[in-house]
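*Asks:* All letters in the sequence shown, in the order written, are residues 463 to 725 by our numbering. Idealized CB from N, CA, C, for every residue including glycine. Keep in mind it's a predicted model, so treat the numbers as computed, not measured. The structure follows.
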Amino acid sequence: MLRIEQSGPVATLIMDNPAMRNAITQDMWQQFEDLLAQLDADDSVKVVVVRGAGSHFSAGADIASVQKILHDPSTGQSDGGDITVAENALARFRKPTIAAIDGYCVGGGWQIAGACDIRLASERAVYGITPAKIGIVYPLSGIKKLVELAGPATAKYLLFSGDFVDAQEALRLGLATKVLALDGFWEAVHAYALHLSARSQFSAQGHKALVNAMSGGAGDIEVAELSAYWQAQMAVSEDAAIGVGAFLAKGTPKFTWLRPRND
463 MLRIEQSGPV
473 ATLIMDNPAM
483 RNAITQDMWQ
493 QFEDLLAQLD
503 ADDSVKVVVV
513 RGAGSHFSAG
523 ADIASVQKIL
533 HDPSTGQSDG
543 GDITVAENAL
553 ARFRKPTIAA
563 IDGYCVGGGW
573 QIAGACDIRL
583 ASERAVYGIT
593 PAKIGIVYPL
603 SGIKKLVELA
613 GPATAKYLLF
623 SGDFVDAQEA
633 LRLGLATKVL
643 ALDGFWEAVH
653 AYALHLSARS
663 QFSAQGHKAL
673 VNAMSGGAGD
683 IEVAELSAYW
693 QAQMAVSEDA
703 AIGVGAFLAK
713 GTPKFTWLRP
723 RND
């Protein structure tokens with residue numbers, strides 16, 4: 463199952479199947495979209511951490527049902543079925559997301575981590591991108607993110623071989639944003655999430671939308687229109703005045719922006 467825990471402005475989305483190293487069953491894949499919609503609508507949530515229960519992030523899609531998961535006709539997806547629906551829901555989520563990666567991060571687990579904005583890995587994290595080991599082709603969304611982060615040559619190396627890499631190698635290859643010590647890992651992740659939650663959500667969500675548009679292949683006109691939208695919103699948002707005022711007063715800003723309900 464997937465479950466949510468919340469501590470102040472930080473919500474944690476937990477893949478909870480520790481008996482199978484948090485392998486993601488079809489039911490779990492199908493939960494992502496609805497739970498993320500709930501978190502998006504909850505104004506008290508500023509940042510979402512995605513993690514696995516216990517000592518592993520995720521061993522990937524449940525292999526026993528992977529064909530059904532990838533080709534579920536009820537999703538209307540011809541490419542990746544439930545996995546693509548879940549991955550897209552996470553990639554398009556408007557608030558900042560952090561994948562907290564401890565232990566194994568393999569296959570479909572990597573696709574979930576890759577869909578997050580930031581990937582914090584413990585020093586004992588192990589990454590595996592393993593379609594060649596079971597004779598499948600990844601959904602396009604997962605391949606695209608891998609190429610975006612690691613580059614075409616490294617993506618081919620990982621996809622062709624299915625070899626596992628440790629946390630430091632994952633950092634070098636672009637699969638991890640930062641590697642943290644195992645001792646105090648979860649406390650460090652939570653502290654970083656709180657740090658992000660105190661920043662302007664107007665700024666964070668605006669920049670996320672723009673970076674995603676540019677990295678997602680949007681054309682110059684579309685990106686310019688999106689930028690113009692956020693510039694216009696900045697003119698009526700209080701966050702800029704709050705931030706500048708706090709800076710000049712040598713104080714701590716308390717930002718107030720909330721995304722409009724009809725947006």
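1) Can you tell me whether Gly679 is buried or exposed? The criterion is at least 16 other CB atoms within 10 Å of its CB, across all chains shown.
2) Using CA coordinates, which residue listed in Asn479, Val509, Leu498 is at the minimum distance from Phe519?
3) Does DSSP put Gly514 in a helix, a strand or coil?
4) Please return the same chain residues whose Cβ sits closer than 6 Å to the Cβ of Gln492, not counting the five positions on each side in sequence.
5) Would a C-beta distance cut-off of 7 Å place Ala515 and Ile476 closer than the cut-off?
6) Anyone know if the C-beta pair for Leu552 and Leu642 falls short of 7 Å?
7) May I ask you to report which of helix, strand or coil DSSP gives Val599?
8) Give the range of the alpha helix (DSSP H) segment to which Leu552 is assigned.
9) For the stretch 638 to 723, which segments carrying the beta strand (DSSP E) assignment without a break, of at least 3 residues, lie completely within its bounds, in sequence order?
10) In whole angstroms, what is the alpha-carbon distance linking Ser689 and Gly597?
11) The alpha helix (DSSP H) with Arg634 in it runs from where to where?
12) I'd like the span of the beta strand (DSSP E) that includes Glu467, first residue to last.
13) Taking Cβ positions, are Pro471 and Thr546 nearer each other than 7 Å?
14) Can you tell me whether DSSP reads Phe519 as helix, strand or coil?
15) Tell me the DSSP secondary structure of Ile591 in three-state form.
16) Would you say the stretch 611 to 619 touches the stretch 562 to 574, given that touching needs at least three Cβ pairs under 8 Å?
17) How many whole angstroms separate the CB atoms of Val568 and Gly590, which I take to be in contact at a CB cut-off of 8 Å?
18) Grab the span of the alpha helix (DSSP H) containing Thr616 for me, first residue to last.
19) At which residues does the alpha helix (DSSP H) containing Ala575 begin and terminate?
20) What residue range does the beta strand (DSSP E) around Ser477 cover?
21) Below 8 Å on the Cβ atoms is my contact criterion, and I expect Gly435 with Thr592 to pass it. Report the Cβ-Cβ distance as a whole number of Å.
22) Determine the direct distance from the alpha carbon of Phe622 to that of Ala594, and round the result to whole angstroms.
23) Using the C-alpha atoms, what's the distance from Gly668 back to Val685?
24) Given Ile466, which residues of its chain have a CB within under 8 Å of its CB, disregarding the five upstream and five downstream residues?
25) Rounded to a whole number of angstroms, what is the C-alpha to C-alpha distance between Ile605 and Ala617?
26) May I ask which residues mark the beginning and end of the alpha helix (DSSP H) holding Ala481?
27) Tell me, to the nearest whole angstrom, how far the beta carbon of Asp511 is from that of Val627; I am working on the premise that it is less than 8 Å.
*Replies:* Let me spell this out:
1) Its Cβ having fewer than 16 others within 10 Å, Gly679 is exposed.
2) Of Asn479, Val509, Leu498, the residue nearest in Cα terms is Asn479.
3) DSSP, read as helix, strand or coil, puts Gly514 in strand.
4) Sequence-distant Cβ neighbours of Gln492 in its own chain, meaning closer than 6 Å and more than five residues away, are Asp544.
5) Result yes, Cβ atoms of Ala515 and Ile476 sit closer than 7 Å.
6) Not closer than 7 Å, so no.
7) Collapsing the DSSP output to three states places Val599 in coil.
8) Following the DSSP letters along the chain, one finds Leu552 inside the alpha helix (DSSP H) bounded by residues 543 to 553.
9) Here the runs fully enclosed are 640 to 642.
10) Each residue's Cα considered, the two are about 42 Å apart.
11) Per DSSP, Arg634 belongs to the alpha helix (DSSP H) from 629 to 635.
12) Glu467: member of the beta strand (DSSP E) spanning 464 to 469, first to last residue.
13) In this structure, the beta-carbon distance from Pro471 to Thr546 does not fall below 7 Å.
14) It is coil, neither helix nor strand.
15) In this structure, Ile591 counts as coil in the three-state DSSP scheme.
16) Two segments are said to touch when three or more pairs of C-beta atoms, one from each, lie closer than 8 Å; by this definition the stretch 611 to 619 does not touch the stretch 562 to 574.
17) In this structure, Val568 and Gly590 form a Cβ contact; the two beta carbons are roughly 4 Å apart against a cut-off of 8 Å.
18) Run containing Thr616: 614 to 623, per the alpha helix (DSSP H) assignment.
19) Ala575 -> alpha helix (DSSP H) spans 570 to 577.
20) The question names Ser, but residue 477 is Met in the sequence shown. 472 to 477 is the span of the beta strand (DSSP E), which, as asked, contains Met477.
21) What is shown of the chain runs 463 to 725, which leaves residue 435 out entirely.
22) Distance from the CA atom of Ala594 to the CA atom of Phe622, rounded to whole angstroms, is 6 Å.
23) The straight-line gap from Cα to Cα measures roughly 12 Å.
24) Apart from sequence neighbours up to five positions away, the residues of its chain that approach Ile466 with a beta-carbon distance below 8 Å are Ala473, Thr474, Leu475, Ile476, Leu497, Gln500, Leu501, ordered along the chain.
25) It is roughly 8 Å from the alpha-carbon of Ile605 to the alpha-carbon of Ala617.
26) No residue range can be given for Ala481, since it is assigned to no alpha helix (DSSP H) and is classified by DSSP as neither H nor E.
27) A quick correction: the sequence has Val, not Asp, at residue 511. Contact annotation, Val511 with Val627: C-beta distance approximately 23 Å; criterion of less than 8 Å not satisfied.
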